[in-house]
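Report on the following structure.
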Amino acid sequence: MKLNRSNFYNIIKKIQTFENNPYFGVAVSGGPDSMCLLNLLHEYCKLINGNLIAIIVNHNLRSESSKEALLVSNLLNKKNIKTKILNVKSAYVIKKNMKEARNNRYRLLTNFCRKNNIIHLFVGHHYDDNIETFVNRKIAGSDFDGLQAMNYISIRDKICIIRPLLDFTKKQILK
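So the sequence shown is numbered by our numbering: it starts at 61 and just counts up by one.
Okay, structure coming up:
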């Protein structure tokens, strides 16, 4: 299946029903996956009279990360897309590994969503991410339940996490 607006809209309709005038949070890193997702959702919101906010997490792991988060925010603001930068406090940066970064990211994202009455958080996970997750879990010795793929929808801290790009590869997203 080709990634285009029509196919994206059909996936959204298939995996989730939204309230009238929904308010979406979109996790945005500035990379191609999240920017593609944001662009598609921005257009979709116009069709359904919805609103969205791009949520950027600055992990504070590199000296230039604050500058990069601000650059993405400024770019999106110029396109009339509302943004919010969330900063990971240094007290939460201990091990500096992927698991810690993921936990910090989701803690900040879901807390922000709850405080702002956002019940739908979109993330740009795609097909290749799903394969990578499976392989990493297999290497780590996960059992059958641990090897399950990412779902289109999951609930974390009472926020609905939606992954509409799971059918698309990185190559398709880049196109």
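Cβ coordinates follow ideal geometry from the N, Cα and C atoms, glycine included.
Alpha carbon of residue i to alpha carbon of residue j, nearest angstrom
| i | j | result |
| --- | --- | --- |
| K144 | S214 | 23 angstroms |
| L131 | F172 | 21 angstroms |
| A129 | K62 | 30 angstroms |
| F68 | L100 | 7 angstroms |
| S66 | E160 | 36 angstroms |
| H102 | Y166 | 22 angstroms |
| N140 | N134 | 10 angstroms |
| L97 | K106 | 14 angstroms |
| M158 | E192 | 13 angstroms |
Residue burial classification, residue i (beta-carbon count within 10 angstroms, cutoff 16)
| i | result |
| --- | --- |
| F123 | A small correction: the amino acid at residue 123 is Ser; Phe does not occupy that position in the sequence shown. Burial call: exposed. |
| L234 | exposed |
| M95 | buried |
| D93 | buried |
Integer Cβ distance of residue i from residue j, believed to fall under 8 angstroms
| i | j | result |
| --- | --- | --- |
| K142 | A114 | 7 angstroms |
| K155 | L121 | Not really, about 11 angstroms apart at Cβ, beyond 8 angstroms. |
| N28 | V148 | Look at the range of the chain in this structure, 61 to 235, and you will see that residue 28 is not part of it. |
| N81 | G110 | 6 angstroms |
| Y104 | N177 | Rounded, the Cβ-Cβ distance is 20 angstroms, inconsistent with contact. |
| Y162 | D217 | Here the sequence assigns Arg to residue 162, which means Tyr is not the residue at that position. That belief does not hold up - the Cβ atoms of R162 and D217 are roughly 13 angstroms apart, past 8 angstroms. |
Close beta carbons around residue i, own chain, < 8 angstroms, minus the five adjacent residues each side
| i | result |
| --- | --- |
| N169 | One detail in the question is off: residue 169 reads as Leu in this sequence, not Asn. So the list reads G85, A87, I115, V117, L146, L181, I219, once near-sequence residues are dropped. |
| F78 | I108, G110, H180 |
| S150 | N120 |
| N70 | none |
| S125 | N118, H119 |
| V153 | H119, N120, L121, E160, N164 |
Chain-order list of residues whose beta-carbon lies under 7 angstroms from that of residue i (same chain, five-residue window excluded)
| i | result |
| --- | --- |
| G90 | E128, V132 |
| H185 | M210, R223, L225, L226 |
| T229 | H186, Y187, D188 |
| Q76 | I213, I222 |
Cβ neighbours of residue i in the same chain (closer than 6 angstroms, five flanking residues each side left out)
| i | result |
| --- | --- |
| Q232 | L63 |
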